[in-house]
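Down below is the structure, laid out as structure tokens.
2 protein chains.
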Amino acid sequence: MHKINRVTIVGGTHGNEFTGAFLIKKFEQLPDLIQRPSFETITLLGNPQAFAAGKRYIDKDLNRAFFSEDLQNSTLSSYEDIRAKAIYQILGDKNQSQVDVIIDLHSTTANMGLSLMLGSYHPFLLQLASYLSSVNPEVKVCYTQAEKGSNFLRSLCELGFVIEVGPVAQGVLNAEWFQKTEKLIYTVLDYLERCNQGSIPESENTLTFYQFIGTIDFPRNEYGEIQAMIHPQLQFRDYEPLTPGDPIFLTLDGKTISYEGTSTVYPIFINEAAYYEKGIAMCLTEKQIDFRF
Amino acid sequence: MHKINRVTIVGGTHGNEFTGAFLIKKFEQLPDLIQRPSFETITLLGNPQAFAAGKRYIDKDLNRAFFSEDLQNSTLSSYEDIRAKAIYQILGDKNQSQVDVIIDLHSTTANMGLSLMLGSYHPFLLQLASYLSSVNPEVKVCYTQAEKGSNFLRSLCELGFVIEVGPVAQGVLNAEWFQKTEKLIYTVLDYLERCNQGSIPESENTLTFYQFIGTIDFPRNEYGEIQAMIHPQLQFRDYEPLTPGDPIFLTLDGKTISYEGTSTVYPIFINEAAYYEKGIAMCLTEKQIDFRF
Chain A
1 MHKINRVTIV GGTHGNEFTG AFLIKKFEQL PDLIQRPSFE TITLLGNPQA
51 FAAGKRYIDK DLNRAFFSED LQNSTLSSYE DIRAKAIYQI LGDKNQSQVD
101 VIIDLHSTTA NMGLSLMLGS YHPFLLQLAS YLSSVNPEVK VCYTQAEKGS
151 NFLRSLCELG FVIEVGPVAQ GVLNAEWFQK TEKLIYTVLD YLERCNQGSI
201 PESENTLTFY QFIGTIDFPR NEYGEIQAMI HPQLQFRDYE PLTPGDPIFL
251 TLDGKTISYE GTSTVYPIFI NEAAYYEKGI AMCLTEKQID FRF
Chain B
1 MHKINRVTIV GGTHGNEFTG AFLIKKFEQL PDLIQRPSFE TITLLGNPQA
51 FAAGKRYIDK DLNRAFFSED LQNSTLSSYE DIRAKAIYQI LGDKNQSQVD
101 VIIDLHSTTA NMGLSLMLGS YHPFLLQLAS YLSSVNPEVK VCYTQAEKGS
151 NFLRSLCELG FVIEVGPVAQ GVLNAEWFQK TEKLIYTVLD YLERCNQGSI
201 PESENTLTFY QFIGTIDFPR NEYGEIQAMI HPQLQFRDYE PLTPGDPIFL
251 TLDGKTISYE GTSTVYPIFI NEAAYYEKGI AMCLTEKQID FRF
């Protein structure tokens, strides 16, 4: 593994996810907190206008604006398209990286705890994830790369990943999640420092992770209007097994809809506010245990 | 007390408060649920465009658009100003009521449980509140009338009140709060029916309620930027006593700020997402017990 020279911490990629945005504000005021002897750490407020407005985005989702071809497309000119290109200028991309690690801070209304969202099976990321989940049982690890390349900000860097925390409402700064995320960031930076010193912290040689396999939308009527809600027995049960026949939705008129899959899955992002407009009531994952790397 | 002839249930006055908006959708589909033998119940989706957009409002807060003089002011022409005038045409006002009771459904990111927000000490409202809190211990009662008249939708009717439920994130339909709110509405309607029948349900002759006395903003710097968050010991502690010297905020750099008031107060709307832009970190109330009416 080559030396880590530069780490970027991004917050506020979604303007109403305050945990990350205010951590960036803190690190801007107290930059020594994130410096380590062997590498430089820089901060970036992802979407300043959306943060100022307290909205997820101004024109479109910034964290879906990083397809390579879109970054090269000069006809795309919404606020977020322009912002994505500016971030690309700062951070480079996989082929021409200005940074070695990107940590992109997000929050969710789902009960995701402290989740690491990985976009690749890079051995270094897997070792880091294994270490973090071994020192903090609240840490969960997901692999959510789409097949056709990624439009996520984290994809600008081979060692890019997301820290996703919750449940926390949009537009709210919650001290508990602020502190837990801050502590996790320091653990990551300390880990990277030790790697640079040649003493990679020991961790289990296994990793439990959750592999994205698809999404489920809310039941809707012919006009696209939602006709059922997440079943109360499933709400806040992210990362727990969902077995065929288990309650999944409750219709407005009180009927239970059961999960009709053929095997046990592990839903995540259950009832994430920002995914209603994407037609996603939850994401489904498969639990993978004892993956050796 | 004169007979109740018509009740209006309003939901989605704020478009991203889904509990009320989806209850209106349910009652539109199943109107018999809210009809009672002696009166008519009508429903109203407060802010359809904001609900469709998943936002609190389009141009301005609809639930601050009901000052009498604003309703008469033809120069006010934002979407919500026009919508407020349309609602006023439907419901009338205190002097010319088309309805006898307004129930306006809201949700909050604060831990408000099932709160009744009253704008007057009308004996009928106090008796109703006393009854509801006696049959359901989760019900809390607040008196939040501003001194200079009200710009709330509920103020269009002498017997108007708000049901405020939470904690629930903006833009999320949560089944538990949906069901609790629905049940409370039926309890209200059944109570009104019994009043019309001349058999007012018995309840304690006392009422515990929380009287609004003011607001506290987040600590901010010279640019208006928030420099501290709700202290983790205060988060979700709505309706609990806050005594001088108790932790109230935690600065971004980790310092505790204590409450400097001179007497014990009971904060509500602690960390309500929609109040950041209003400069409100929480509202303070005084607890009043054994109020006899």
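Chains as they are written, first to last, in UniProt numbering: chain A, 1 to 293; chain B, 1 to 293. Backbone N, C-alpha and C fix where the C-beta goes; we use that ideal spot for every residue, glycine too. Note that the structure is predicted; figures quoted are calculated from it, not measured.
Anything in chain B within Cβ reach of Pro232 (chain A), meaning under 7 Å, just list it in chain order. The answer, in chain order, is Ala175 and Glu176.
Does the CB of Phe269 (chain B) have a neighbour CB from chain A at under 8 Å? So no, Phe269 (chain B) is outside the interface.
In this structure, how does DSSP classify Leu181 (chain B) when only helix, strand and coil are distinguished? The sequence as given places Thr at residue 181 (chain B); Leu does not occur at that position. Thr181 (chain B): helix per DSSP, three-state reduction.
Residues of the stretch 228-258 of chain A with Cβ closer than 7 Å to any Cβ of chain E, in chain order: In the displayed structure, chain E is absent; the protein chains listed are A and B.
According to a CB-to-CB cut-off of less than 7 Å, which residues of the stretch 47-71 of chain A neighbour chain B? Contact residues of the stretch 47-71 of chain A toward chain B are Gly54 (C-beta to C-beta distance below 7 Å).
Straight-line CA distance for Glu222 (chain B) to Leu242 (chain B)? About 28 Å.
Between Phe209 (chain B) and Tyr143 (chain B), is the Cβ-Cβ spacing less than 8 Å? Taking C-beta atoms as the reference points, Phe209 (chain B) and Tyr143 (chain B) count as a pair closer than 8 Å.
Name the chain A residues whose beta carbon is nearer than 8 Å to that of Ile226 (chain B)? Neighbours of Ile226 (chain B) on chain A, chain order: Phe22 and Leu173.
Within chain A, partners of Lys26 (chain B) - CB distance below 8 Å: Near Lys26 (chain B) (Cβ distances below 8 Å), the residues of chain A are Leu252 and Asp253.
Output needed for Tyr275 (chain B): all residues of its chain with C-beta closer than 7 Å, excluding positions within five of it in sequence on either side, in chain order. Cβ neighbours of Tyr275 (chain B) beyond the five flanking positions: Phe269.
Determine the DSSP secondary structure at Arg6 (chain A), reduced to helix, strand or coil. Three-state result, Arg6 (chain A): strand.
In the structure shown, what three-state DSSP assignment does Phe212 (chain B) receive? Note: Phe212 (chain B) maps to strand in three-state DSSP.
Is the CB of Thr109 (chain A) under 8 Å away from at least one CB in chain B? Chain B, which has a Cβ nearer than 8 Å to the Cβ of Thr109 (chain A), makes this yes.
Coarse secondary structure for Leu173 (chain A), derived from DSSP in three states: Three-state DSSP puts Leu173 (chain A) in coil, outside helix and strand.
Buried/exposed call for Ile213 (chain A), threshold 16 Cβ in 10 Å: Classification of Ile213 (chain A): exposed, given that the 10 Å Cβ count is below 16.
Residues in the stretch 186-204 of chain B having any Cβ partner in chain A nearer than 7 Å: Residues: none.
By Cβ distance, which residues of its chain are closer than 7 Å to Gln211 (chain A), with the 5 residues on each side in sequence left out? Within the same chain, Gln211 (chain A) has close Cβ partners Tyr143, Thr285, Glu286 and Gln288.
Three-pair Cβ contact test at 8 Å for the stretch 73-83 of chain A versus the stretch 50-62 of chain A: Under the 8 Å Cβ criterion, the stretch 73-83 of chain A counts as touching the stretch 50-62 of chain A, having at least three qualifying pairs.
So which residues on chain B does Gln170 (chain A) lean against when the C-beta distance must stay under 8 Å? Result: Ala169, Gln170, Gly171 and Ala273.
Under the assumption that Ser68 (chain B) contacts Asp93 (chain B) (Cβ atoms under 8 Å), give the Cβ distance between them as a whole number of angstroms. With a contact defined as Cβ atoms closer than 8 Å, Ser68 (chain B) and Asp93 (chain B) qualify at about 7 Å.
Near Gln170 (chain A), which residues of its chain fall below 6 Å by C-beta distance, leaving aside the five closest residues on each side in sequence? For Gln170 (chain A), same chain residues with a beta-carbon under 6 Å away, outside a window of 5 residues either side, are Asn16 and Ala273 in chain order.
Quick check on Leu30 (chain A) - is its C-beta less than 8 Å from some C-beta in chain B? So, interface residue.
How would you call Asn174 (chain A), buried or exposed, if buried means at least 16 neighbouring beta carbons within 10 angstroms? That one is buried.
According to the neighbour-count rule (16 or more other Cβ atoms, all chains shown, within 10 Å of its Cβ), is Ala84 (chain A) buried or exposed? It is buried - the Cβ of Ala84 (chain A) has at least 16 other Cβ atoms within 10 Å.
Residue burial classification, Pro244 (chain B) (beta-carbon count within 10 angstroms, cutoff 16): So Pro244 (chain B) ends up on the exposed side.
Using a Cβ cut-off of 8 Å, pull out every chain B residue sitting near Glu277 (chain A), in sequence order please. What Glu277 (chain A) touches in chain B: Gly54.
Between Leu159 (chain B) and Val101 (chain B), which are expected to be in contact by the criterion C-beta below 8 Å, what is the C-beta distance as a whole number of angstroms? Contact holds; Cβ gap of about 5 Å.
Tell me where the alpha helix (DSSP H) around Ala52 (chain B) begins and ends. DSSP places Ala52 (chain B) inside the alpha helix (DSSP H), whose first and last residues are Pro48 to Ala53.
Between the C-alpha atoms of Gly113 (chain A) and Pro167 (chain A), what's the straight-line distance to the nearest angstrom? About 7 Å.
Any idea which residues DSSP pairs Met229 (chain B) with across the strands? Paired residues: B:Leu250.
Check whether the stretch 256-271 of chain B and the stretch 122-139 of chain B touch, using three or more Cβ-Cβ pairs below 8 Å as the test. Result no; under three Cβ-Cβ pairs closer than 8 Å.
Identify the residues that DSSP records as bridge partners of Gly12 (chain A): which are they? Under DSSP, no beta-bridge partner is assigned to Gly12 (chain A).
Per the DSSP calculation, Tyr143 (chain A) is bridged to which residue(s)? Beta-bridge partners of Tyr143 (chain A) (DSSP): A:Leu118 and A:Gln211.
Hey, how far is the Cα of Arg64 (chain B) from the Cα of Asn151 (chain B)? Whole-angstrom Cα-Cα distance: 5 Å.
In angstroms with no decimal places, state the Cα-to-Cα distance between Glu277 (chain B) and Asn111 (chain A). If you take the alpha carbons of Glu277 (chain B) and Asn111 (chain A), they lie about 26 Å apart.
When the Cβ atoms of the stretch 226-237 of chain A are set against those of the stretch 180-188 of chain B, are three or more pairs found closer than 8 Å? Fewer than three pairs of CB atoms, one per stretch, sit closer than 8 Å, so the stretch 226-237 of chain A makes no contact with the stretch 180-188 of chain B.
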